[in-house]
Structures are given as C-alpha cells and as structure tokens.
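The block underneath contains the structure these notes are about, expressed in structure tokens.
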Amino acid sequence: MGTVTNGNLYALVEARMPRDRQRCAIETPDGLYYTWDDLERATAKLANLLRSLRLPLGARVAVQTEKSPEALMLYLATLRAGYVFLPLNTAYQAAEIDYFLADAQPSLVVCSPQNAHWIEPLARRRRVAHLLTLDGARGGTLIEAGAPESDRFDTVRREPDDLAAILYTSGTTGRSKGAMLTHGNMTSNALVLQAYWGWRRGDEPGGDVLLHALPIFHVHGLFVASHGALVNGSKMIWLPRFDLAEVLRQLPRSTVFMGVPTMYVRLADAPGLDRELVRNMRLFVSGSAPLLVETHRQFEQRTGHRILERYGMSETVMLTSNPYDGERRPGTVGFALPGVSVRVVDEHGMRCAPEQIGAIEVEGPNVFKGYWRMPEKTREEFTADGFFRTGDLGKFDARGYLSIVGRSKDLIISGGYNVYPKEIEGFIDEMPGVAESAVIGVPHRDFGEAVTAVVVPRPGAELDEAAIIAELRARIAGFKVPKRVHIVDELPRNSMGKVQKNMLREQFGR
Ligand code: MCA
Ligand code: AMP
Numbered sequence: 293m294g295t296v297t298n299g300n301l302y303a304l305v306e307a308r309m310p311r312d313r314q315r316c317a318i319e320t321p322d323g324l325y326y327t328w329d330d331l332e333r334a335t336a337k338l339a340n341l342l343r344s345l346r347l348p349l350g351a352r353v354a355v356q357t358e359k360s361p362e363a364l365m366l367y368l369a370t371l372r373a374g375y376v377f378l379p380l381n382t383a384y385q386a387a388e389i390d391y392f393l394a395d396a397q398p399s400l401v402v403c404s405p406q407n408a409h410w411i412e413p414l415a416r417r418r419r420v421a422h423l424l425t426l427d428g429a430r431g432g433t434l435i436e437a438g439a440p441e442s443d444r445f446d447t448v449r450r451e452p453d454d455l456a457a458i459l460y461t462s463g464t465t466g467r468s469k470g471a472m473l474t475h476g477n478m479t480s481n482a483l484v485l486q487a488y489w490g491w492r493r494g495d496e497p498g499g500d501v502l503l504h505a506l507p508i509f510h511v512h513g514l515f516v517a518s519h520g521a522l523v524n525g526s527k528m529i530w531l532p533r534f535d536l537a538e539v540l541r542q543l544p545r546s547t548v549f550m551g552v553p554t555m556y557v558r559l560a561d562a563p564g565l566d567r568e569l570v571r572n573m574r575l576f577v578s579g580s581a582p583l584l585v586e587t588h589r590q591f592e593q594r595t596g597h598r599i600l601e602r603y604g605m606s607e608t609v610m611l612t613s614n615p616y617d618g619e620r621r622p623g624t625v626g627f628a629l630p631g632v633s634v635r636v637v638d639e640h641g642m643r644c645a646p647e648q649i650g651a652i653e654v655e656g657p658n659v660f661k662g663y664w665r666m667p668e669k670t671r672e673e674f675t676a677d678g679f680f681r682t683g684d685l686g687k688f689d690a691r692g693y694l695s696i697v698g699r700s701k702d703l704i705i706s707g708g709y710n711v712y713p714k715e716i717e718g719f720i721d722e723m724p725g726v727a728e729s730a731v732i733g734v735p736h737r738d739f740g741e742a743v744t745a746v747v748v749p750r751p752g753a754e755l756d757e758a759a760i761i762a763e764l765r766a767r768i769a770g771f772k773v774p775k776r777v778h779i780v781d782e783l784p785r786n787s788m789g790k791v792q793k794n795m796l797r798e799q800f801g802r
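Each residue of the sequence shown is one higher than the last, beginning at 293 in the working numbering.
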C-alpha cells in the first residue's frame, strides 16, 4: 500500500482495497454479491454520470433513498467526483425535506421512485437542477442513466480541508444546521478507529466481516461502520434495516457489529442469542445514545462479550471510545481517541477535577469545519482556544474514563435518533385550540427515551390526544411523533417564566 497523496476519502478506500479485487466487498441477505472490482466500477460509472451533469464546484447531492448497496455506491461516487454528500433520513416528510432543499440548495436530488411525485415539485420550487431516482432493488433513473457511462474514473483530487458531506443536526435552537464535514475529518477518524478497535484486514485469514444493520443517513452507519470496513478491505453483510431475526441469522458469519442501544436491548432479549451464535464475533460497538449498564451486563451474560461503548456527534464524528484491549467500563464512553483532545470545563471555562461535572469540549482533526452558511452560530459554538462545545455534560473519573451525565442542549434521543423538542413544540403550537406545549423525553425500555408532549388548550378549547398524534404523524417523521400527549391546564414555570421540563419529566416519566 503506497502513500495516498490525494486527500479524497475515496482515494484512501481505493488504496486499501484487497489486492485481489474479486473478493467480496458487499453481500446482501437476498444473495447479491459485489466484489471490490464491482464497487470500483459501479462508483466510476456513477461518478461519470455526476460529472456529465456539470454540477458546479462544491455542489451538494441530496439523497433520500432506501438503504441498498447502490445507495452506498452513490455516496462513494459523490466523493469520487468531488461533490458534497447530503444524506436525509428516509422518514422525513415534505415539510422536513423542503427545509433541507431550501437551506442546502443542492444541485441534484436523488429520491425513491415512490416519493418522486411529492419531492419533484419541492425540488422544482427550490430550483434544484436535477432529480433522479433510486430504489432498493437496483432500479431507478440513476442506475439507468449511469449504465452507459464508462467504468473508469480518476478520483478527483481533494484537499483534507475540502467538504465531503453535510449532515443536518439541530443543536440548541431547534432549527436544523448543516454540519460541514471534510475529507480530512473522516479520513483521520476512520484510520484512528481502525487501529484503536484492532480491525483485522479483510483479506487476511481471520479477517473482519462487518454486519451492517444501521441506517446510512447518519454518522454511525454511513461513516463509522461503512468507513471501518471500507478502509480495511473488509466484507460487509449489508442488511436493508435492523431486522432482529436477520441479525441473529447473520451473526455466526460476522466478526464486527455496530448498533445503537435499542438494538442491543432487543438482541439481549432475543431467545436465540447465546455464546455459540456469536462464536466468530470479535467486537460489538454501541453508540449514538447512552447504553444502560443493565443492558451491558445482560448482553455480557448472554454472549460473554463486553460491548464497547463510544461517543460521537455529527459535528465531530467519533471523539471518545472505551479501550479495545483494556477494561470496557459500562456507563462510560472511555477515553479521548488518539489525536483528539477532550476536556470537561466548569462555567468559567476552567478544567474540572475528576468526578466534577462540567461541559464537554473537543478539539482535533475530527472536528467539523462549521455550520453551513451560519458563521455566527459556528463562532458561538467554539471557544477562544478552538474547542467545540458539544452541549453534553460529563465527568472524568480518576482513571480518565469519561461519562456523559446529561445534556445542556434540549434534545431527546429516541432509539438513536435525535429529536429536538423545539421543532415538535412548533408544530403542536400551530394547531387550533393549542395555547402552548412542552415536549420532553421520558425513560423508555426500547427506545431509551420516548418523545412525550404536554399540551395546554386555549380557554374553552377541547383537545384530544389521538387527534394531535394523528395530525403530527401526517406532517413529520414517525420517530419524532410523541408516543403520548398529556393535556394539562398549565405548564410549571420558574420565577423567570421558563418552563420547568424537569418537573414535567418527573410527573410524566413514570
Ligand atoms: C422507529 N420508530 C421509532 C424509532 N424508530 N420511534 C421512536 N424512536 C425511534 N428511533 C417508530 C416508527 O416511526 C414506527 O412508528 C415504528 O417505530 C416502527 O418503525 P420501524 O422502522 O419498523 O422501527 P424499527 O425497525 O423498530 O426501528 C428501530 C431502530 C431504528 C432499528 C432502533 O430507530 C434505528 O435504526 N435507529 C438507529 C438510529 C441511528 O442510526 N442513529 C445514529 C445517529 P409507527 O408505526 O407508529 O409509524 S448518528 C449519531 O447519533 C452520533 C454521531 C453517534 O454517536 O453515532
Ligand atoms: P448527533 O449530533 O445527532 O450526531 O448526536 C450526537 C449526540 O448523541 C451527542 O451530542 C450525545 O448527546 C449523543 N451520544 C452519542 N453517543 C453517545 C453515547 N455513547 N452515550 C451518550 N450519548 C451519546
């Protein structure tokens, strides 16, 4: 493997493919099989197609499609061609998609054929130049248009500081912000994790096989999991979604699995899970939300494996991890990754002593370039000495393990998906008969936290839980819809007039 002089992440993937490119890169449960050569040629065709559209420099390619090998190839082709990838959750509906199109101004939108009828008018209104479709079964206008293209493409030269992807995340305000990630952010993180987690090259005996069951529109599934396998020349068993029975079927053929805590809760409860089933597994990684100590213990009892918990953000990719070889401590997210500085500070910006709770801040090659077209907001989120304020609260223990103990940002994490109360409150407050609302997260065995709304009617108005849920369901992604809506006469406020969400969590959290 020679030195890679092109900063494009795809150049690294290319350089680290197995020497024998006829080896399997991606396999699906329904029997599809893609070699590394297939991957190289398919991404070349798609990169040529993108180039033929003559998109402007730095163009954004917005993608809302089912998970499929071709969807991953579209991502890689976008990098290869030097454009910026913008993945969108498949659960998003019109109001959500419209916001992203207006804000990111992509030049190309790729969507599922069955959604084209409502996305096409939005794209036209937002002056998106091109719209193509891609379904989960190798169909759609993207594949048709790419077919005649050449299967050779010289990966476009990119510098480490050049943009590779924009991931929308909300932060404190409830208005989604695009986190701009560079080729350098992702390349450095992929290489650090490869070493830290002891990845075994895919073309060596006993090499790693990744069981991939995460969605690919977030950092966890698209970057941490896929990049891990791709820069390691490892095969991926590519599941379209987390299907418990299918995961159990594929575990004996796999060595690495990455999931959100909800997946581990379901696995740990599954009748078929035992040591024999995971006999070939080397590593289970959890992240995106807190893994309960109880789940960690239950999983270890069933499998003999101690889940490795790590901590990341859209803005920073991965920043800490429990050790691969050392003790993996349940309830902690481990140490700062090599090359990454993580500190916990008090309200004056002074470093906290061990066990003292403070704000978590981070600096390193993994930290993003800023929020898309929001220089002010970007400045606010960085300290004078260049650390990014994560909005998470934590503490180090005497041995240097970091624990996340809360969040200063008003955020709910449900099954690994972030939900911003402010956004949901905005939708509820617009409804007739609603005076005001507060959205909180309450403990939930499966999702970790469940979105819950507390709503105050206008004088004389009658509100109905089912009607509010039904109306929200028609407008926003399903995972954001409150599982329960409580109707109350008033919201508890402090002397400053601020809604006391902790009191609501206490009242409705049981
Ligand atoms: C699905 N539903 C949910 C969620 N997912 N409700 C609340 N929270 C959720 N997370 C609802 C649907 O709206 C639907 O409701 C019903 O559950 C069934 O939908 P289905 O898709 O079948 O659900 P599922 O297959 O059981 O999904 C659960 C899941 C999924 C597998 C845990 O949520 C998932 O894949 N989560 C992973 C999220 C992830 O990748 N996060 C990484 C973010 P109804 O029937 O009422 O319509 S990256 C990140 O956070 C950072 C950087 C990091 O550190 O990694
Ligand atoms: P996002 O910005 O959507 O990528 O979500 C990132 C947030 O997820 C972080 O700021 C944390 O609040 C949370 N998070 C990620 N990993 C963990 C973890 N292992 N434990 C607790 N929270 C986590």
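Idealized CB from N, CA, C, for every residue including glycine. In this text the structure is predicted, and so the values were computed from the model without any measurement.
Check                                                                                                                                                                : Outcome
With a threshold of 7 Å (Cβ to nearest heavy atom), would residue 733 be considered close to the ligand AMP?                                                         : no
Where does residue 330 sit, in a helix, a strand or coil, going by DSSP?                                                                                             : helix
Would DSSP call residue 563 helix, strand or coil?                                                                                                                   : coil
Nearer than 7 Å: is that true of the beta carbon of residue 605 relative to any heavy atom of the ligand AMP?                                                        : yes
Taking 7 Å as the cut-off, does the CB of residue 627 come closer than this to any heavy atom belonging to the ligand MCA?                                           : no
Express the C-alpha separation of residue 760 and residue 610 in angstroms, rounding to a whole number.                                                              : 37 Å
Spatial neighbours of residue 441 within its chain, please: C-beta separation below 6 Å, excluding the five flanking residues on both sides.                         : 337, 340, 341
For residue 330, tell me which candidate among 706, 312, 485 has the shortest Cα-Cα distance.                                                                        : 312
Rounded to whole angstroms, what is the Cα-Cα separation between residue 385 and residue 394?                                                                        : 14 Å
Find out if the Cβ-Cβ distance for the pair residue 696, residue 603 is shorter than 8 Å.                                                                            : yes
Would you check if the region 683-703 and the region 716-728 touch, i.e. whether three or more CB-CB distances between them fall below 8 Å?                          : no
Identify whether residue 484 lies in helix, strand or coil by the three-state DSSP scheme.                                                                           : helix
To the nearest angstrom, how far is the alpha carbon of residue 744 from that of residue 764?                                                                        : 12 Å
Leaving out the 5 sequence neighbours to the left and right, which residues in its chain are closer than 7 Å to residue 632 when beta-carbon positions are compared? : 611, 654, 656, 658
Is it right to say residue 585 is buried, meaning 16 or more other beta carbons lie within 10 angstroms of its own, or is it exposed?                                : exposed
Per the DSSP calculation, residue 785 is bridged to which residue(s)?                                                                                                : 791
Starting from residue 391 and walking both ways along the beta strand (DSSP E), at which residues does that stretch end?                                             : That residue, residue 391, is in no beta strand (DSSP E); its alpha helix (DSSP H) goes 386-396.
On the DSSP bridge assignment, give the partners of residue 669 in chain order.                                                                                      : Beta-bridge pairing links residue 669 to no other residue.
If you measure from the CB of residue 746, is any heavy atom of the ligand MCA nearer than 7 Å?                                                                      : no
Are residue 381 and residue 509 closer than 8 Å when you measure CB to CB?                                                                                           : yes
With a threshold of 7 Å, establish whether the CB of residue 682 neighbours any heavy atom of the ligand AMP.                                                        : yes
Indicate whether the contact test is met: 3 or more Cβ pairs, each with one atom in the region 406-420 and one in the region 526-539, closer than 8 Å.               : no
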